[in-house]
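Engineer:
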Amino acid sequence: AQSVAQPEDQVNVAEGNPLTVKCTYSVSGNPYLFWYVQYPNRGLQFLLKYITGDNLVKGSYGFEAEFNKSQTSFHLKKPSALVSDSALYFCVSVNDYKLSFGAGTTVTVRA
Amino acid sequence: EAGVAQSPRYKIIEKRQSVAFWCNPISGHATLYWYQQILGQGPKLLIQFQNNGVVDDSQLPKDRFSAERLKGVDSTLKIQPAKLEDSAVYLCASSPRAGESGELFFGEGSRLTVL
Numbered sequence: 263a264q265s266v267a268q269p270e271d272q273v274n275v276a277e278g279n280p281l282t283v284k285c286t287y288s289v290s291g292n293p294y295l296f297w298y299v300q301y302p303n304r305g306l307q308f309l310l311k312y313i314t315g316d317n318l319v320k321g322s323y324g325f326e327a328e329f330n331k332s333q334t335s336f337h338l339k340k341p342s343a344l345v346s347d348s349a350l351y352f353c354v355s356v357n358d359y360k361l362s363f364g365a366g367t368t369v370t371v372r373a
Numbered sequence: 571e572a573g574v575a576q577s578p579r580y581k582i583i584e585k586r587q588s589v590a591f592w593c594n595p596i597s598g599h600a601t602l603y604w605y606q607q608i609l610g611q612g613p614k615l616l617i618q619f620q621n622n623g624v625v626d627d628s629q630l631p632k633d634r635f636s637a638e639r640l641k642g643v644d645s646t647l648k649i650q651p652a653k654l655e656d657s658a659v660y661l662c663a664s665s666p667r668a669g670e671s672g673e674l675f676f677g678e679g680s681r682l683t684v685l
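Sequences listed follow chains A and B, in order. Numbering-wise, the numbering used here comes out as the position in the first sequence, counting from 1, plus 262. Numbering-wise, the numbering used here comes out as the position in the second sequence, counting from 1, plus 570.
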């Protein structure tokens, strides 16, 4: 089965500090991995994707993610978090055109 | 460019009643999805359309849920009769085509509360 896991329900960081949201995957073959963000009372938004190529993927709003095949991880990172980054983040795998969402990680950035 | 439109944004009904949600995807997008997002969980795919044909409805509870996409544009998701466990946000998404690109455009969702 193709799936992703987000081991942390919540992540709390201070504004200006680095932000990391963890994701591990369990897929056969070449994984297609994505991050989506859901701001309060807003629809889900695409952040970035990894399909092939460089292991470090850059996306919207200053976010990046590192694909690590040996650790089967695809952690989302931002060097300096903003209060406006407070949202619900989903790691997503794609297989046969179907998206499978992780359970989500709630990020709270305090001023 | 207009985004994915959904209505109604909120709906409260009693169990065993029926409800319908409407979605208008981004113009020109061939693929349309309906997801169910229960509080505290990630979205779960209910049904995927490619133009007006169904690509995947394996997780759609067909005894009570139905969906259609007439003319390959707008779509309607219906629940009849509703159960308490159907309380969730119903998300509609569209993409230019099905594929591993994975970039879907989501509407703001329709929040259903079943009492």
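Ideal Cβ positions, reconstructed from N, Cα and C, are used throughout, including at glycine.
Taking just the CA atoms, how far does residue 338 of chain A sit from residue 272 of chain A?
Structural biologist: Approximately 14 Å between the Cα atoms of the pair.
Engineer: Looking at C-alpha atoms only, which residue of A:303, A:356 and A:365 is the closest neighbour of residue 312 of chain A?
Structural biologist: Of A:303, A:356 and A:365, the residue nearest in Cα terms is A:356.
Engineer: Looking only at its own chain, which residues have a Cβ that is under 8 Å from the Cβ of residue 627 of chain B, when we skip the five neighbours before and after it?
Structural biologist: Excluding residues within five positions, the ones whose Cβ falls inside 8 Å are 616, 617, 618 and 637.
Engineer: Would you say residue 304 of chain A lies against chain B (beta-carbon separation less than 9 Å)?
Structural biologist: By this cut-off, residue 304 of chain A is an interface position.
Engineer: Let's test the definition: count the other Cβ atoms within 10 Å of the Cβ of residue 331 of chain A and tell me whether it reaches 16, buried, or not, exposed.
Structural biologist: Exposed.
Engineer: Step through the CB atoms of chain B and report whether any lies within less than 9 Å of the CB of residue 349 of chain A.
Structural biologist: No, residue 349 of chain A lies away from the interface with chain B (no Cβ there is under 9 Å from its Cβ).
Engineer: Could you tell me if residue 375 of chain A is buried or exposed, where buried requires 16 or more neighbouring beta carbons within 10 angstroms of its beta carbon?
Structural biologist: Past the edges of chain A, shown from 263 to 373, lies residue 375 of chain A, and the structure says nothing about it.
Engineer: Going by C-alpha distance, which of A:281, A:274 and A:295 is nearest residue 335 of chain A?
Structural biologist: It is A:295.
Engineer: Return the first residue and the last residue of the beta strand (DSSP E) that residue 260 of chain A is part of.
Structural biologist: This structure leaves residue 260 of chain A out entirely; chain A is present only between 263 and 373.
Engineer: What in chain B is Cβ-close to residue 336 of chain A, meaning under 9 Å?
Structural biologist: None at all; the shortest Cβ gap to chain B is about 13 Å.
Engineer: What does the alpha-carbon distance come out to for the pair residue 663 of chain B and residue 368 of chain A?
Structural biologist: Straight-line Cα distance between these residues: approximately 22 Å.
Engineer: List the endpoints of the continuous beta strand (DSSP E) containing residue 287 of chain A.
Structural biologist: 286 to 288 is the extent of the beta strand (DSSP E) around residue 287 of chain A.
Engineer: Per DSSP, which one or two residues make a beta bridge with residue 334 of chain A?
Structural biologist: Beta-bridge pairing links residue 334 of chain A to no other residue.
Engineer: What does the Cβ neighbour count give for residue 283 of chain A, buried or exposed, with the cut at 16 atoms within 10 Å?
Structural biologist: Its Cβ being crowded by 16 or more others within 10 Å, residue 283 of chain A is buried.
Engineer: Taking the alpha-carbon of residue 522 of chain B as reference, which of A:301, A:292 and A:346 has the nearest alpha-carbon?
Structural biologist: Any question about residue 522 of chain B goes unanswered here, given that chain B covers just 571 to 685.
Engineer: How many angstroms separate the CA atom of residue 602 of chain B from the CA atom of residue 621 of chain B?
Structural biologist: The alpha-carbon atoms of residue 602 of chain B and residue 621 of chain B are separated by roughly 8 Å.
Engineer: Quick one, which of B:645, B:606, B:639 and B:599 has its alpha-carbon nearest residue 631 of chain B's?
Structural biologist: Checking every option, the nearest Cα to that of residue 631 of chain B belongs to B:606.
Engineer: Go ahead and pull the three-state DSSP assignment for residue 270 of chain A.
Structural biologist: Of the three classes helix, strand and coil, the one that applies to residue 270 of chain A here is coil, per DSSP.
Engineer: What residue from A:373, A:265, A:351 and A:344 has the CA that sits closest to residue 292 of chain A's CA?
Structural biologist: The shortest Cα separation from residue 292 of chain A among A:373, A:265, A:351 and A:344 belongs to A:265.
Engineer: When the distance is taken between beta carbons, is residue 656 of chain B closer than 9 Å to residue 682 of chain B?
Structural biologist: Yes.
Engineer: Among residues of its own chain, excluding the 5 on either side of residue 578 of chain B, which ones have a beta-carbon nearer than 7 Å to its beta-carbon?
Structural biologist: Counting only Cβ-Cβ distances below 7 Å, and skipping sequence neighbours, we find 680.
Engineer: Could you tell me the alpha carbon to alpha carbon distance between residue 346 of chain A and residue 597 of chain B, rounded to whole angstroms?
Structural biologist: Roughly 30 Å between the two C-alpha positions.
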